[in-house]
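*Asks:* Position in the sequence shown (first residue = 1) + 14 = the working numbering. Virtual Cβ for every residue (Gly too), placed ideally from N, Cα, C.
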Amino acid sequence: METRELIGKRRTGTVPKAPPRGRALLAVLLGGQAMATMDASIVNVAAPSIRTGLHASGGALQLIVTGYVLSFAVVLVIGARLGDRRGHARMFRLGLASFMAASLACGLAPSAAALTGLRVVQGAAAALLVPQVLSVIQLRFEGRALARAIGWYSMVLALGVAAGQLAGGLIVGADLLSAGWRPVFLVNVLVGAVLLAVCSRVLPMDRGTGAGRLDAPGSSLLAFAMVAVVLPAALGREHGWPPWTWCSFGAGCAAMAGFGWWETRLQRSGAEPLLDLTVLTRVGVRPGLAACCVVMGCYAAVFFTLTLHLQSGLGFTPLRAALTLLPYPAGFAAMGLTWTRMPVPVRSALPVAGPVAFAGAFLALAAPGYGRWPVVAAVPLLAVAGAGHAAGFSPLLSRITEAAGPGRASAVSALANTGSLLANVLGVAGLGGLYLSAAGPRATQSADALTRVAWSTALLLAFGAACAARAQRARHSPHPAVARHRDHVGCG
Numbered sequence: 015m016e017t018r019e020l021i022g023k024r025r026t027g028t029v030p031k032a033p034p035r036g037r038a039l040l041a042v043l044l045g046g047q048a049m050a051t052m053d054a055s056i057v058n059v060a061a062p063s064i065r066t067g068l069h070a071s072g073g074a075l076q077l078i079v080t081g082y083v084l085s086f087a088v089v090l091v092i093g094a095r096l097g098d099r100r101g102h103a104r105m106f107r108l109g110l111a112s113f114m115a116a117s118l119a120c121g122l123a124p125s126a127a128a129l130t131g132l133r134v135v136q137g138a139a140a141a142l143l144v145p146q147v148l149s150v151i152q153l154r155f156e157g158r159a160l161a162r163a164i165g166w167y168s169m170v171l172a173l174g175v176a177a178g179q180l181a182g183g184l185i186v187g188a189d190l191l192s193a194g195w196r197p198v199f200l201v202n203v204l205v206g207a208v209l210l211a212v213c214s215r216v217l218p219m220d221r222g223t224g225a226g227r228l229d230a231p232g233s234s235l236l237a238f239a240m241v242a243v244v245l246p247a248a249l250g251r252e253h254g255w256p257p258w259t260w261c262s263f264g265a266g267c268a269a270m271a272g273f274g275w276w277e278t279r280l281q282r283s284g285a286e287p288l289l290d291l292t293v294l295t296r297v298g299v300r301p302g303l304a305a306c307c308v309v310m311g312c313y314a315a316v317f318f319t320l321t322l323h324l325q326s327g328l329g330f331t332p333l334r335a336a337l338t339l340l341p342y343p344a345g346f347a348a349m350g351l352t353w354t355r356m357p358v359p360v361r362s363a364l365p366v367a368g369p370v371a372f373a374g375a376f377l378a379l380a381a382p383g384y385g386r387w388p389v390v391a392a393v394p395l396l397a398v399a400g401a402g403h404a405a406g407f408s409p410l411l412s413r414i415t416e417a418a419g420p421g422r423a424s425a426v427s428a429l430a431n432t433g434s435l436l437a438n439v440l441g442v443a444g445l446g447g448l449y450l451s452a453a454g455p456r457a458t459q460s461a462d463a464l465t466r467v468a469w470s471t472a473l474l475l476a477f478g479a480a481c482a483a484r485a486q487r488a489r490h491s492p493h494p495a496v497a498r499h500r501d502h503v504g505c506g
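As structure tokens, this is what we get:
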């Protein structure tokens, strides 16, 4: 069924609550999302093995990690636009097949230089498939089925970093076929082949709108802006934040402002922009996206600093560190899969209460005086932090998707994914840099650095809770156009 037909049926209320084979369809979509999200962090654990196997320098390792993130960030919005034009199912399949091919090539890479280039290709392929996931979910599910699907989607999106680190630790630790780091990439080929086989049965091809040209100036501005922001954030700390990093940040912000001006100009002239920024004018969308990004940035920083504290400060192995942090994704999953069944007043309070609980749990976990890992206290505290993360993310993402409407699914997907990606990079660069600047070789020094990060994170999460509260208030307020109409009627 074509995208335009689905939109028309949703407007008339004839789309069923869940499509035929809805569970299989959702599994395929989320499987692709999970692979793409996990590969942003899975290499972190495999980095020492890659360094040894390919005789890679420290700079080469940085490029292997950041090359994926950079290309993913640059192509993501373009991938969303191509989904609208060429069909979401078509682009999902193309992205999945390309991701498999790039993963196979990465797993067989003969040198660090080759692996760096192939990681760039892999990130671009991921950016083709990822934006289609939320678009297909919004177009093919509705009602409670849509809320549940978005709950699963937000869980996969949010826990990609943790899952990638855990999977990387398990795969490298198992040393499958004595291949070292290579199975980290080769496993994507097996998983992708299964997903493609099922995809042909549960996700019919669509044709999209096929209208208009791709916005080349907008694409160029956005690509430059993303590279200019992400590259110094990823590499600046290792190089001592030289002047070029700050110049790059400034140029990136200017290019982002120019992108917004250009897209608005195109929209007003009747042309088709790369990204429909009018979605940001919908009630509650802007503060809701801000809250989601704050929570995601804090999550990435918390996992990064906790992993460093466990490994560098307390001497844990990568696998043990990954297993130690498992209560966090468990708490996230428990909240992410149950919040839709909670009473309405409770659901309404979750986006504000979630960041507060997240901050409180992390502060308690990083309390001064811990020269060793508080095993008994850590399990419930990590679970509460994960549940708070889910409460502050999943309901808001569902709210944003609902407020935007089905015609703006690709715009919401692009904004949510791009915002989360930027928040992750900036969170690790900022809060991670704070930890690294204060941490020392002793466990107590690492614990003190973790405490500083916890207080900074708490301040950011308080801001996120305030944004969530504003988004929730906007949800119960009439749209400005409706309010003006009411005022006019009242005056008459």
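Fully enclosed by the stretch 229–271, which alpha helix (DSSP H) runs are 4 residues long or longer?
*Replies:* 230–249
*Asks:* In the structure shown, what three-state DSSP assignment does residue 413 receive?
*Replies:* helix
*Asks:* Determine the direct distance from the alpha carbon of residue 76 to that of residue 195, and round the result to whole angstroms.
*Replies:* Cα to Cα, residue 195 sits roughly 16 Å from residue 76.
*Asks:* Out of curiosity, what's the CA-to-CA distance linking residue 276 and residue 232?
*Replies:* The alpha-carbon atoms of residue 276 and residue 232 are separated by roughly 7 Å.
*Asks:* Using 8 Å as the cut-off, can you tell me whether the stretch 107–117 makes contact with the stretch 205–215, which would need three or more C-beta pairs spanning the two stretches below that distance?
*Replies:* As far as the Cβ criterion goes, the stretch 107–117 touches the stretch 205–215, which means the pair count is three or higher.
*Asks:* Which whole-angstrom value is the C-beta distance of residue 410 and residue 302, which I expect to be below 8 Å?
*Replies:* 5 Å
*Asks:* On a Cα-Cα basis, can you pick out the residue from 69, 168 and 166 that is closest to residue 127?
*Replies:* Closest in alpha carbon position to residue 127, among 69, 168 and 166, is 69.
*Asks:* Of all the options 93, 122 and 227, which has the alpha carbon lying nearest to the alpha carbon of residue 108?
*Replies:* 93
*Asks:* Within this structure, are the beta carbons of residue 432 and residue 147 separated by less than 8 Å?
*Replies:* The answer is no: Cβ separation not under 8 Å.
*Asks:* State buried or exposed for residue 403, treating a residue as buried only when at least 16 other CB atoms are found within 10 Å of its CB.
*Replies:* buried
*Asks:* Please classify residue 62: is it buried, with 16 or more other beta-carbons within 10 angstroms of its beta-carbon, or exposed?
*Replies:* exposed
*Asks:* Where does residue 69 fall in DSSP's three states?
*Replies:* Of the three classes helix, strand and coil, the one that applies to residue 69 here is coil, per DSSP.
*Asks:* Return helix, strand or coil for residue 27, following the three-state DSSP convention.
*Replies:* Because residue 27 carries a pLDDT of 43, less than 50, the predicted location of this residue cannot be relied on, and no value is offered for it.
*Asks:* Let me check you understand the geometry: is the CB of residue 164 closer than 7 Å to at least one non-hydrogen atom of the ligand COA?
*Replies:* In the structure on display, the ligand COA does not appear, and there are no ligands present to speak of.
*Asks:* Let me make sure I understand the geometry here. Which of 242, 341, 349 and 392 has the alpha-carbon closest to that of residue 85?
*Replies:* 242
*Asks:* Quick one: any contact between the stretch 446–464 and the stretch 281–301, if contact means 3 or more CB pairs under 8 Å?
*Replies:* no
*Asks:* Just to confirm the assignment: which complete alpha helix (DSSP H) runs, minimum length 4, are found wholly within the stretch 75–124?
*Replies:* 102–121
*Asks:* Near residue 328, which residues of its chain fall below 8 Å by C-beta distance, leaving aside the five closest residues on each side in sequence?
*Replies:* 386, 387, 457 and 460
*Asks:* Over what stretch of residues does the alpha helix (DSSP H) that includes residue 316 continue unbroken?
*Replies:* 299–322
*Asks:* Among 468, 305, 349 and 246, whose alpha-carbon lies nearest the alpha-carbon of residue 480?
*Replies:* 305
*Asks:* Here's the rule: buried if 16 or more other CB atoms are within 10 angstroms of the residue's CB, otherwise exposed. What is residue 476?
*Replies:* In the assembly as shown, residue 476 is an exposed residue. Its beta-carbon has fewer than 16 other beta-carbons within 10 Å.
*Asks:* What separation, rounded to the nearest whole angstrom, lies between the Cα atoms of residue 391 and residue 122?
*Replies:* 43 Å
*Asks:* Within 10 angstroms of its Cβ, does residue 285 collect 16 or more other Cβ (buried), or is it exposed?
*Replies:* So residue 285 ends up on the exposed side.
*Asks:* When you compare each of 164, 378, 453 and 372 to residue 416 by their alpha carbons, which one comes out closest?
*Replies:* 164
*Asks:* Once DSSP output is grouped into helix, strand and coil, what is the label at residue 507?
*Replies:* Nothing can be reported for residue 507, as the shown portion of the chain is limited to 15 through 506.
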